[in-house]
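For reference, the structure discussed in these notes is given below.
Protein chains: 2
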Amino acid sequence: MPPTRPSSAEIPDALDSDLGWTLGVVFRSYVRTANALVSHLPGGPRGYQVLAAAAQGLPGGQGALAQRLGVDKTVMTYLLDDLEKAGLVERRPDPADRRNKRVVATERGRATWTDTQTRLEHAEDHVLAPLDPADRSVFRELLRKLAAQANSLDPVHDTCRLVEELASDVPAKPRRSPRG
Amino acid sequence: MPPTRPSSAEIPDALDSDLGWTLGVVFRSYVRTANALVSHLPGGPRGYQVLAAAAQGLPGGQGALAQRLGVDKTVMTYLLDDLEKAGLVERRPDPADRRNKRVVATERGRATWTDTQTRLEHAEDHVLAPLDPADRSVFRELLRKLAAQANSLDPVHDTCRLVEELASDVPAKPRRSPRG
DNA sequence: ACAGATCGTATGTAAAACAGATGAATTGTC
DNA sequence: GACAATTCATCTGTTTTACATACGATCTGT
Numbered sequence: 784m785p786p787t788r789p790s791s792a793e794i795p796d797a798l799d800s801d802l803g804w805t806l807g808v809v810f811r812s813y814v815r816t817a818n819a820l821v822s823h824l825p826g827g828p829r830g831y832q833v834l835a836a837a838a839q840g841l842p843g844g845q846g847a848l849a850q851r852l853g854v855d856k857t858v859m860t861y862l863l864d865d866l867e868k869a870g871l872v873e874r875r876p877d878p879a880d881r882r883n884k885r886v887v888a889t890e891r892g893r894a895t896w897t898d899t900q901t902r903l904e905h906a907e908d909h910v911l912a913p914l915d916p917a918d919r920s921v922f923r924e925l926l927r928k929l930a931a932q933a934n935s936l937d938p939v940h941d942t943c944r945l946v947e948e949l950a951s952d953v954p955a956k957p958r959r960s961p962r963g
Numbered sequence: 784m785p786p787t788r789p790s791s792a793e794i795p796d797a798l799d800s801d802l803g804w805t806l807g808v809v810f811r812s813y814v815r816t817a818n819a820l821v822s823h824l825p826g827g828p829r830g831y832q833v834l835a836a837a838a839q840g841l842p843g844g845q846g847a848l849a850q851r852l853g854v855d856k857t858v859m860t861y862l863l864d865d866l867e868k869a870g871l872v873e874r875r876p877d878p879a880d881r882r883n884k885r886v887v888a889t890e891r892g893r894a895t896w897t898d899t900q901t902r903l904e905h906a907e908d909h910v911l912a913p914l915d916p917a918d919r920s921v922f923r924e925l926l927r928k929l930a931a932q933a934n935s936l937d938p939v940h941d942t943c944r945l946v947e948e949l950a951s952d953v954p955a956k957p958r959r960s961p962r963g
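Residue numbers (my numbering), protein chains in the order written: chain A, 784 to 963; chain B, 784 to 963.
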């Protein structure tokens, strides 16, 4: 998914008023900036999310953490390996359940987290720069409304229903053929 | 990049006012819907873009097409393989330059394109549903402004400059270690 | 006509994600 | 209290995807 990660200049013509396109342009612009701002810590953006979760001291082992972040548990394993190797977090066996390994941020990890947070705020300002302050808050508010609604109907079967609702000639699932 | 394709529920807590987060939620919501709506044609979203380009009859061979869409030329090769196998486009040798292979949409390809276009318009309405008509046009306009500016400073060195500008402790490039 | 460049394709390689198996540790039941 | 079943984190193997490179075919220059 990301399904789409087109790099730079693409379809510059008549799709200027297309919502999906403009949304993608703005989002990718932010993602590019944000990625650059967190590229110094292992795991990139996901490493930051893990660090943030650890610094906020939220409960649960690394499995729960993986589920919350939407990554596979095996990914979380070597994500934490790199993060721990960098001295930002620690795996600490849970005294209550020694199978669990609590993920706690080190002193340096907490400092790095707050530092990166301020960076990301700058990234937001960078993206919103072309708007004057009044328009910025309007945009934030509208976006917040959209996000709230999008979250409520996020479940997968909903888009499936929408597909069947609009589909005309989709009998089966034509998976992509292997390259050979 | 996608760099980030987190699936569903993630960091539900204090980041509600975070621009990057809400932007990502809305964008992923649209992407999910749009992907579902174009999943019936080979290559998914990129297959649709190729089909759209072919149906609009834009000039140039498949190499130029690949560059415009931001995908590798080798990807374009088997992308067109699948698309041609499905009878949506044809590779036609350019009479002026027989190295080039013009990509033209078949009759069925054009029909599929227009059909998919209307579907994607429904997807837009679906995302913008929580807003009343006035707010929708406001949102579209603000987003258009942001996209225009983002496009102008998209070049990579710009974000690099921004990184160095804000970086505090980034001496070298700590590439991620291989898993083993 | 011949050297060099360009287009599309084929091939190999590296990185990333997912599924399944493994070992350690807990819970339940008898 | 012992034993089966479950859960957690990790390891291993497979698959997919993108990229880099090499190749044959074709064009353009001299």
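All C-beta atoms in this analysis are idealised placements derived from N, C-alpha and C, irrespective of residue type, glycine included.
Show which residues of chain B have a CB atom less than 9 Å away from the CB atom of residue i.
{"i": "Y813(A)", "result": "L802, G803, L806, G807 and A933"}
{"i": "A837(A)", "result": "Here the premise fails: no neighbours, minimum Cβ distance about 13 Å."}
{"i": "L907(A)", "result": "Rather than Leu, the amino acid found at residue 907(A) in this sequence is Glu. Here the neighbours are D801, L802 and G803."}
{"i": "L866(A)", "result": "The premise fails here: L866(A) is roughly 11 Å from chain B at the closest Cβ pair, so nothing lies under 9 Å."}
What did DSSP end up calling residue i once you bin it into helix, strand or coil?
{"i": "R882(B)", "result": "coil"}
{"i": "P913(A)", "result": "coil"}
{"i": "V887(A)", "result": "strand"}
{"i": "P876(B)", "result": "strand"}
{"i": "R871(A)", "result": "In the sequence on display, residue 871(A) carries Leu and not Arg. Coil."}
{"i": "Q839(B)", "result": "coil"}
{"i": "P795(B)", "result": "Confidence is the limiting factor: at P795(B) the pLDDT is only 37, short of 50, which leaves the residue's position unreliable and the question unanswerable from this model."}
{"i": "H905(B)", "result": "helix"}
{"i": "L824(A)", "result": "coil"}
{"i": "G846(A)", "result": "helix"}
{"i": "V809(B)", "result": "helix"}
{"i": "V853(B)", "result": "Looking at the sequence provided, one finds Gly at residue 853(B) rather than Val. Here G853(B) sits in coil by DSSP."}
{"i": "D864(A)", "result": "helix"}
{"i": "D801(A)", "result": "coil"}
{"i": "R958(B)", "result": "Only weak support exists for where R958(B) lies, its pLDDT of 31 falling under 50; the coordinates are left without a value."}
{"i": "G892(A)", "result": "helix"}
Tell whether a beta-carbon distance below 9 Å holds between residue i and residue j.
{"i": "R829(B)", "j": "L871(B)", "result": "no"}
{"i": "F922(A)", "j": "F810(B)", "result": "no"}
{"i": "L852(B)", "j": "A836(B)", "result": "yes"}
{"i": "G827(A)", "j": "V814(B)", "result": "no"}
{"i": "G824(B)", "j": "L866(B)", "result": "Note that residue 824(B) corresponds to Leu in the displayed sequence, not to Gly. Contact: yes."}
{"i": "A838(A)", "j": "R893(A)", "result": "yes"}
{"i": "L929(A)", "j": "T805(B)", "result": "yes"}
{"i": "V887(B)", "j": "Q845(B)", "result": "no"}
{"i": "L914(B)", "j": "L914(A)", "result": "no"}
List the residues of chain A that residue i touches, going by C-beta distances under 8 Å, in chain order.
{"i": "L925(B)", "result": "L914, D918, V921, F922 and L925"}
{"i": "A817(B)", "result": "G803"}
Would you mind working out which of the options sits nearest residue i, comparing C-alpha positions?
{"i": "R874(B)", "options": "T897(B), V910(B) and G840(B)", "result": "G840(B)"}
{"i": "S822(B)", "options": "P916(B), G844(B) and T899(B)", "result": "T899(B)"}
{"i": "S812(B)", "options": "E907(B), A869(B) and Q845(B)", "result": "E907(B)"}
{"i": "V854(A)", "options": "V833(A), A869(A), P842(A) and D864(A)", "result": "V833(A)"}
{"i": "K884(B)", "options": "K856(B), E890(B) and T901(B)", "result": "K856(B)"}
{"i": "T895(B)", "options": "G803(B), L802(B), Y831(B) and A933(B)", "result": "Y831(B)"}
{"i": "G803(B)", "options": "D915(A), R902(A) and A917(A)", "result": "R902(A)"}
{"i": "S880(A)", "options": "R927(A), P842(A) and A931(A)", "result": "Here the sequence assigns Asp to residue 880(A), which means Ser is not the residue at that position. Here the closest residue by C-alpha is P842(A)."}
{"i": "E890(A)", "options": "R927(A), A869(A), D801(A) and Q932(A)", "result": "A869(A)"}
{"i": "H909(A)", "options": "H909(B), N934(B), R919(B) and P876(B)", "result": "N934(B)"}
Could you name the residues of chain A that residue i contacts, counting a contact when the two beta carbons are closer than 9 Å?
{"i": "V910(B)", "result": "L802, G803, L806, L929, Q932 and A933"}
{"i": "L871(B)", "result": "Residues of chain A passing the Cβ test: none, with the nearest at roughly 12 Å."}
{"i": "L863(B)", "result": "Under the 9 Å cutoff, chain A gives no residues; its nearest Cβ is about 13 Å from L863(B)."}
For a contact meaning CB atoms closer than 7 Å, what does residue i contact in chain B?
{"i": "L848(A)", "result": "The premise fails here: L848(A) is roughly 11 Å from chain B at the closest Cβ pair, so nothing lies under 7 Å."}
Along chain B, in chain order, which residues have C-beta atoms closer than 8 Å to that of residue i?
{"i": "L834(A)", "result": "Simply none; closest approach about 12 Å."}
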